[in-house]
Amino acid sequence: MIHDKATFRAHLLLLSAAVLFAAPLVWMLVSAVKPAGQLTQDPYSFWPREWRWQNFADAAAAMPFFRYMRNSLLLAGGTVVGSLFSCTLAAYGFARLRWPGRDLVFGLLIATMLLPWHVTMIPRFLLIKELGLYNSLAALIAPTFLGDAFSIFLLRQFFRTIPEELSEAARLDGLTEWGVCWRIVAPLSKPALLTVGLFQFIAAWNDFSGPMLYLSDPKKFPLAYGLEQFVSSYSDQTHLLLAAAVMFTLPILVLFFIAQKSFMKGVSTTGLKA
Amino acid sequence: MNTGASSTRRRHSGRIVTALLFIAPWALGFLLLVLYPFAASLYWSFCEYDLLSPPRFVGGANYRRLAHELLNGEGFGRAVWNTAYYAVASVVLSVLAGVGLAVMLSWKVRGQAIYRAIFFLPSVVPTVAAAVLWMWLLDPGGGLVNHWLTAVGLPAPNWFKGVQEALWPPDWWSGRAAFGSKDALVLMSVWGVGNFMIIYLAALGDIPKSLYEAAALDGAGNLRRFWHITLPNLSPVIFFNIVMGVIQAVQAFTQVYLVSEGRGAPAESTLMLSLHIFLAAFQNLEMGYASAIAWMLFVVLLAATAALFHSSRYWVHYQGGSP
């Protein structure tokens, strides 16, 4: 009896917390398909009077949605390729090769994580401009080919768990270090690479300050930044705003449900915010 | 003999070259995107620099201006207060909410996977979408939150449109405490506590079951077990999350920019350090002044981290004694 009462209390607490956390998202999803009139006249009724899927088409037509989407995919895709390439190499250098000063240099890499982005923001901006990359997606993608401290750290931790005998055997078979890295260690580290790729994709998809700083031509805006422009000019058309926000969020939610496990594993090993 | 030694040396230097090639992309990024900007912004913080003419050395003028603004509570002073308020409130609440939710998820009841997904989900919602969502929900006039608050007889705060600061100084018992813009930002951050919660949950799973069994045999109740077993064993992770939380909160930019019309509105109540640096640099073209703020932010963050590490020896409990 006491046990049942405790279970009931546990469910009650979990359920009320779940309602509080889910309500904002549910309310957004439901309201995105309400007719415009319902949101202004009767904003607190939960069920849509009519399920207006047209809102999504209207919102997409009110801005260059598919161009923004294409830019976002280019940016996120380029970021994933760039960071997987550079971070795998660096992590391999720190985890699987022995060289003098390695641990010192690795300590330096860890220290860079403590540096706030504000400190490097201005010189970085001027440097990118100097290199002629201003107002192109390359300004945001090129730096990812030069590594990211968090991702290198995460991959290095994983690479260290792979038995050294495998590398030795591969070397005896005539593989170069490059070959050992990409044909032995990388394939054995798929979970870690997946986690890094996932985090990088989401970070690039969500990034707002980067595009704001480096892009000036609306044709080049990714969704995160384009959406903000849309918000400021359509602030009175709530149904379109919500529909646009839902279309922007949905790919991330889908990714989350597909890869829930590597998501949570990645977060709990690095404490990294996606 | 001789050939053996030189081949070893050749192998040795070959190994170094190989290693250098592997870390070359990162090393180039470090020199170009970290070390050079680091040094340049330190130098510029002692300069007057508007991008149009080359930097002009002005000594400590920018830092004197910061000290002046700090004492008068304008500009930089406002930004320091706003940032500290937001960082402390959001970190304290994220520890409470994160530990609370994780403990609830560790209870052996059905449907935990679903609850876990629900609590975690808001933390992956893109900041831009979350800002749109919360500005709509917290609209003082017609927002859903105020609708429900008034329905149960509570006052309707101004949220993002108000300059009130409900959390500090504490005035909760007067009944007049009203939530303002920073409190709304704190609420948004607590909604996204999921990533911290997952770290606590993983740590809870690592606490040996035998500790709880022994305590149960000694007749300790739920509260005492939480206080004497769960909390001490969780303290290293709480410490880690506080450090990470402070670092993240102090650097928060996107949500601050979006809810404040890009200028800290209303009345500079959301003018945080990150936004202040951005506006000084790219709106007022005061690169020297902006660099000085960035450096102060860095130094304060280092000091806060050091203080946290120092304090940790009094409250963080490591399994098997201190490390």
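Chains as they are written, first to last, in numbering that gives the first Met the number 0: chain U, 0 to 273; chain A, 0 to 322. Here a beta-carbon is modelled for each residue, glycine too, at the ideal position from N, C-alpha and C. Fair warning: this is a prediction, and the values are worked out from it, not measured in the lab.
The beta carbons of TYR317 of chain A and PRO235 of chain A sit closer together than 8 Å. It is roughly 8 Å from the alpha-carbon of ALA83 of chain A to the alpha-carbon of VAL249 of chain A. Under the three-state reduction of DSSP, ARG64 of chain A is assigned to helix. At a C-beta separation below 8 Å, ARG14 of chain A has these neighbours in chain U: LEU96, ARG97, TRP98. By the neighbour-count criterion, in which 16 or more other beta carbons inside 10 Å mark a residue as buried, ASP138 of chain A falls on the buried side. In this structure, DSSP gives PHE252 of chain A a state outside helix and strand, which the three-state scheme calls coil. Among the CB atoms of chain A, none fall inside 8 Å of the CB of PHE64 of chain U. The C-beta of ILE201 of chain U comes closer than 8 Å to at least one C-beta of chain A.
At the C-beta level, TYR199 of chain A and GLY97 of chain A come within 8 Å of one another. When the beta-carbon positions are compared, ALA94 of chain U and PHE144 of chain U stay at least 8 Å from each other.
Cβ neighbours of ALA303 of chain A within its own chain (closer than 7 Å, five residues either side excluded): VAL245. In the structure shown, the three-state DSSP call for PHE45 of chain U is coil. In the DSSP assignment, TRP80 of chain A falls within the unbroken alpha helix (DSSP H) covering 75-105. Uninterrupted beta strand (DSSP E) stretches at least 3 residues long and entirely within the segment 9-64 of chain A do not occur. For MET246 of chain U, the uninterrupted alpha helix (DSSP H) segment begins and ends at 237-257. Taking a 10 Å sphere around the C-beta of SER267 of chain U, we find 16 or more other C-beta atoms and assign the residue as buried.
With a cutoff of 8 Å on beta-carbon distance, PRO125 of chain A and PHE20 of chain U are scored as not near each other.
If only complete runs of 4 or more residues are kept, the segment 26-80 of chain U shows the alpha helix (DSSP H) at 35-40, 53-61, in order along the chain.
With a threshold of 8 Å between beta carbons, TYR85 of chain A makes no contact with chain U.
Contact annotation: PHE238 of chain A and LEU114 of chain U have beta-carbon atoms that are not nearer than 8 Å. Residues of chain A whose Cβ lies closer than 8 Å to the Cβ of GLU227 of chain U are, in chain order, VAL127, LEU257. Rounded to the nearest angstrom, the gap between the Cα atoms of LEU74 of chain U and GLY225 of chain U is 14 Å.
Here MET295 of chain A is actually not in contact with ALA78 of chain A; their C-beta atoms are around 10 Å apart, not less than 8 Å. Using a 10 angstroms sphere on the CB of VAL18 of chain U, the tally of other CB atoms stays under 16, which defines it as exposed. A Cβ-Cβ contact shorter than 8 Å links LEU187 of chain U with ILE161 of chain U.
Inclusion of LEU88 of chain U and THR17 of chain A in the CB contact set at 8 Å is not warranted, their separation being larger than that value. Taking 8 Å as the cut-off, the Cβ atoms of ARG224 of chain A and ALA213 of chain A do not count as close. GLY81 of chain U is classed as buried because its beta carbon has at least 16 other beta carbons within 10 Å across all chains shown. Where THR160 of chain U is concerned, there is no enclosing alpha helix (DSSP H), because DSSP gives it neither an H nor an E.
Taking the beta carbon of TRP181 of chain U as reference, no residue of chain A falls within 7 Å; the closest one sits roughly 11 Å away.
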